[in-house]
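Asks:
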Amino acid sequence: MIVIDNVVKEYPTHRGMKRVLDHVNLTVKPGQQIGILGRNGAGKSTMIRLISGAELPTAGTVKRTMSVSWPLAFGGAFQNGLTGYDNLRFICRVYGIDPSDKLDFVQDFSELGMYIREPVKSYSSGMRARLAFAISMVIDFDCYLIDEVIAVGDTRFHEKCMIELFEKRADRAKIIVSHDVTYVHRHCDSAAVLSGGQLSYFEDLEDAFRHYDYVSGLPSYS
């Protein structure tokens, strides 16, 4: 499980400390597909970074008893001077995985062709995203973190990503942070709403959508 227990997250600003998350609580069980809804600036990406371990809370704890991915399609951890293949080898070593039988999948899925052996610094943003997503799929995570709607490549490639993630890994937990109600409705079985630093969890999606509309000042979801 992932247990977010009474978490507070603050950042320093020129006007003093800004509290983004204010005593937030959430439990994510194995296989659960949960959406976290919030408007831009609500703190959704902060939640993802805390859950992944990229950042530490100011107060409270985040406990993980299952393996958690980095945010999908995020290539910020790549070493720009290394090739795509060398980045794959490096990441596999970090997770204790033999990379020798992973190259063909990553090369084929990312559709990078010969560029898999070129330095990542020569990649476009789309190429980096495709490589990051492909590498994410060769690590056997218990929970996948999805920061906003995954938009990797063209429509055909995007559909391939959705099949790989939501069909082939349907039994894995997923945490999707988004402001898109339709996307959360399609892929989640429960949802939480982040607003004003507070997180409200709902077992029923329709209840979550109504609350999200209320705190966002939007017409009621139907």
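With the working numbering as the guide, the letters of the sequence shown map in order to residues -9 to 212. Positions of the beta carbon are idealized from the N, C-alpha and C atoms, including for glycine. Keep in mind the model is a prediction, meaning the values are calculated, not measured.
#1: My output table needs one value for Thr48: the three-state DSSP class, helix, strand or coil.
#2: Would the region 70 to 82 count as touching the region 152 to 172 if we require 3 or more Cβ pairs under 8 Å?
#3: Helix, strand or coil: which one does DSSP assign to Asp170?
#4: Taking Glu193 as the reference, which of Arg146, Lys92 and Val18 has the closest Cα?
#5: Taking DSSP as the reference, what is the three-state secondary structure of Met104?
#6: Between Lys(-1), Thr36 and Gly71, which has its C-alpha nearest Pro47's C-alpha?
#7: Per DSSP, Glu149 is paired with what?
#8: Just reading off the alpha helix (DSSP H) that Tyr75 is part of, what are its end residues?
#9: From Val243 to Met37, what does the alpha carbon distance come to, in whole angstroms?
#10: Counting pairs of beta carbons, one from the region 5 to 14 and one from the region 154 to 165, are three or more of them closer than 8 Å?
#11: Classify Pro61 as buried or exposed, calling it buried when 16 or more other Cβ atoms lie within 10 Å of its own Cβ.
#12: I need the boundaries of the beta strand (DSSP E) containing Glu196, first residue and last residue.
#13: Which value, in whole angstroms, describes the spacing of the CA atoms of Asn30 and Tyr204?
#14: Does any residue of chain C bring its CB to less than 8 Å from the CB of Phe99?
#15: Run the CB neighbour count on Lys34, radius 10 Å, all protein chains shown included, and call it buried at 16 or more, exposed below.
#16: Whole angstroms is fine: what's the gap from Ser206's alpha carbon to Ile(-8)'s?
#17: With DSSP as the reference, identify every bridge partner of Met7, one or two as the case may be.
#18: Under 7 Å Cβ to Cβ from Val174, same chain only, skipping five residues before and after it: list those, please.
#19: Given Asp132, which residues of its chain have a CB within under 8 Å of its CB, disregarding the five upstream and five downstream residues?
#20: Contact check, Phe99 vs Ala124 under 8 Å by CB: the rounded distance?
#21: With C-beta atoms as the reference, is Val52 less than 8 Å away from Ile(-6)?
#22: Measuring alpha carbon to alpha carbon, tell me which residue in Ala49, Gly50, Ala32 and Arg54 is nearest Ser42.
Replies: Inspection of the coordinates gives the following:
#1: Coil at Thr48, not helix or strand.
#2: Contact between the region 70 to 82 and the region 152 to 172 is absent, because fewer than three Cβ pairs lie under 8 Å.
#3: Shown here, Asp170 sits in coil according to DSSP, grouped into three states, outside any helix or strand.
#4: Residue Val18 holds the alpha-carbon nearest to the alpha-carbon of Glu193 among Arg146, Lys92 and Val18.
#5: Residue state, collapsed to three classes: helix.
#6: Among Lys(-1), Thr36 and Gly71, the Cα nearest to that of Pro47 belongs to Lys(-1).
#7: Paired residue(s): none; Glu149 is not in a bridge.
#8: Per DSSP, Tyr75 belongs to the alpha helix (DSSP H) from Gly74 to Val84.
#9: Since the first residue shown for the chain is -9 and the last is 212, residue 243 is missing from the structure and cannot be characterised.
#10: The region 5 to 14 is not in contact with the region 154 to 165.
#11: Result: buried.
#12: Glu196 -> not in any beta strand (DSSP E); alpha helix (DSSP H) instead, spanning Leu195 to Ser206.
#13: Per the coordinates, the alpha-carbon of Asn30 lies some 16 Å from the alpha-carbon of Tyr204.
#14: Within the model displayed, chain C is absent; a lone protein chain is all it includes.
#15: Classification of Lys34: buried, given that the 10 Å Cβ count is 16 or more.
#16: A straight-line Cα-Cα distance of about 27 Å links Ser206 and Ile(-8).
#17: Note: Met7 sits in a beta bridge opposite Pro2.
#18: Once the five neighbours on either side are set aside, the close Cβ partners of Val174 are Gly25, Leu27, Ile166, Ser168 and Ala181.
#19: A distance below 8 Å between beta-carbons, with the five flanking residues on each side excluded, links Asp132 to the following residues of its chain, in chain order: Pro20, Met56, Ser57, Val58, Arg162 and Ala163.
#20: About 4 Å separates the two Cβ atoms, so the contact holds.
#21: Yes, they are a contact pair.
#22: That would be Arg54, whose Cα lies nearest to the Cα of Ser42.
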